[in-house]
Amino acid sequence: MPELPEVETIANGVHARVRGARIVSVWTSGKPQTFKSPEVEIEAVLTGAVIERVRRVGKTIVVSLGHRGTSKADSSAALRNDKQRLPNGKQKGVEQAEFLVHLGMTGQLLVAEGEVPAPAHTHAVLTLADGREVRFVDPRRFGRLSIVREAYAGPGVEPTTIEDSEFAGLFKGRKIAIKAALLNQSLLHGVGNIYADESLFRAGIRPTRPAGNLTKAELGRLRVELQKVLARAIELGGSSVSDYVDAEGMSGYFQIEHAVYGRGGEPCTVCGAAIKKIVVGGRGTHYCAKCQR
Numbered sequence: 001m002p003e004l005p006e007v008e009t010i011a012n013g014v015h016a017r018v019r020g021a022r023i024v025s026v027w028t029s030g031k032p033q034t035f036k037s038p039e040v041e042i043e044a045v046l047t048g049a050v051i052e053r054v055r056r057v058g059k060t061i062v063v064s065l066g067h068r069g070t071s072k073a074d075s076s077a078a079l080r081n082d083k084q085r086l087p088n089g090k091q092k093g094v095e096q097a098e099f100l101v102h103l104g105m106t107g108q109l110l111v112a113e114g115e116v117p118a119p120a121h122t123h124a125v126l127t128l129a130d131g132r133e134v135r136f137v138d139p140r141r142f143g144r145l146s147i148v149r150e151a152y153a154g155p156g157v158e159p160t161t162i163e164d165s166e167f168a169g170l171f172k173g174r175k176i177a178i179k180a181a182l183l184n185q186s187l188l189h190g191v192g193n194i195y196a197d198e199s200l201f202r203a204g205i206r207p208t209r210p211a212g213n214l215t216k217a218e219l220g221r222l223r224v225e226l227q228k229v230l231a232r233a234i235e236l237g238g239s240s241v242s243d244y245v246d247a248e249g250m251s252g253y254f255q256i257e258h259a260v261y262g263r264g265g266e267p268c269t270v271c272g273a274a275i276k277k278i279v280v281g282g283r284g285t286h287y288c289a290k291c292q293r
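Quick note on numbering: my numbering labels position 231 of the sequence shown as 231, and the sequence is numbered without any gaps.
Right under this line is the structure:
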């Protein structure tokens, strides 16, 4: 499943390519599971809307929608309305809505020229005024598309900006393993299996330790290493260990720097001991028994 760095990379790539573009038509596949909101609602809200911003919240891609003009005159009027924003950033007389894209296990959000054939398992196509298309592709159909009528904040706290005291407070008194706590999206949204394993290794913390038993110093170290790992993974375009590609269909490179994830039985890059693979909270977990205490 794409995690925070992969979703961030995709969201940034889509934003750079389609910000300010107007959606002129919407096609959906009608396949079960994919649509959390009714397809008719998705089509009605997106058609005619302008893409103001594409961002990541947790593991969700959030497309903020704006002006719904359908002609040059309408678009000019909409641009004038930029000067009529309310203090909270909303526009007078414009209904606020956001389009949420959760990639699930195998989802991809691609920007392509209209004449390029759509891949198999394409479940939504947003045709833009310039002829390009934003395509949601998902072979296993675990992804979800939906509409919300307010700014989407996500289920937990943003891990890339959380401060020491708040980070430590998330785990106080919790008896579950720290690896399972890191994966709890209601605590920190966006952290997944890869980056939990990698950050715990770099912090020297064994994934099975109860979260509430970690010292203040250990939690501080974990927060720093988690943020370093996420930043580095974003810099390298994420980890392509399965079906993940960015908005242009390109793979990421952070998997080259994985110290433990996916390396069960291989030697630790620090001490040479064999990397162990166990199950924590129902998830495959990789760690070095010598380096992590």
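Heads up, the beta-carbon is just placed ideally off N, CA and C, and yes, glycines get one too.
Inter-segment contact for the region 145 to 153 and the region 202 to 219 is absent: fewer than three beta-carbon pairs are separated by less than 8 Å.
Put simply, of A289, K59, Q292 the residue whose alpha carbon is nearest the alpha carbon of V157 is K59. Taken through DSSP and simplified to helix, strand or coil, R135 comes out as strand.
Counting the other Cβ atoms within 10 Å of the Cβ of C271 gives fewer than 16, which makes it exposed. For A177, DSSP records a beta bridge to P210. Excluding its 5 nearest sequence neighbours in each direction, L214 has C-beta neighbours in its own chain below 8 Å: F171, I178, I205, L222, listed in chain order. In the DSSP assignment, H286 falls within the beta strand (DSSP E) that extends over 283 to 287. In the DSSP assignment, T9 falls within the alpha helix (DSSP H) that extends over 4 to 18. R53: member of the beta strand (DSSP E) spanning 51 to 57, first to last residue.
Of the other Cβ atoms in all chains shown, 16 or more fall within 10 Å of the Cβ of Q292; this residue is therefore buried. Beta-bridge partners assigned by DSSP to E98: S64, V148. Collapsing the DSSP output to three states places R22 in a strand. With respect to G237, G212 sits apart: the two C-beta atoms are not nearer than 9 Å. Counting only the Cα atoms, K216 lies some 15 Å from L200. At least 9 Å separates the beta-carbon of G143 from that of T127. For A124, the enclosing beta strand (DSSP E) begins and ends at 122 to 128.
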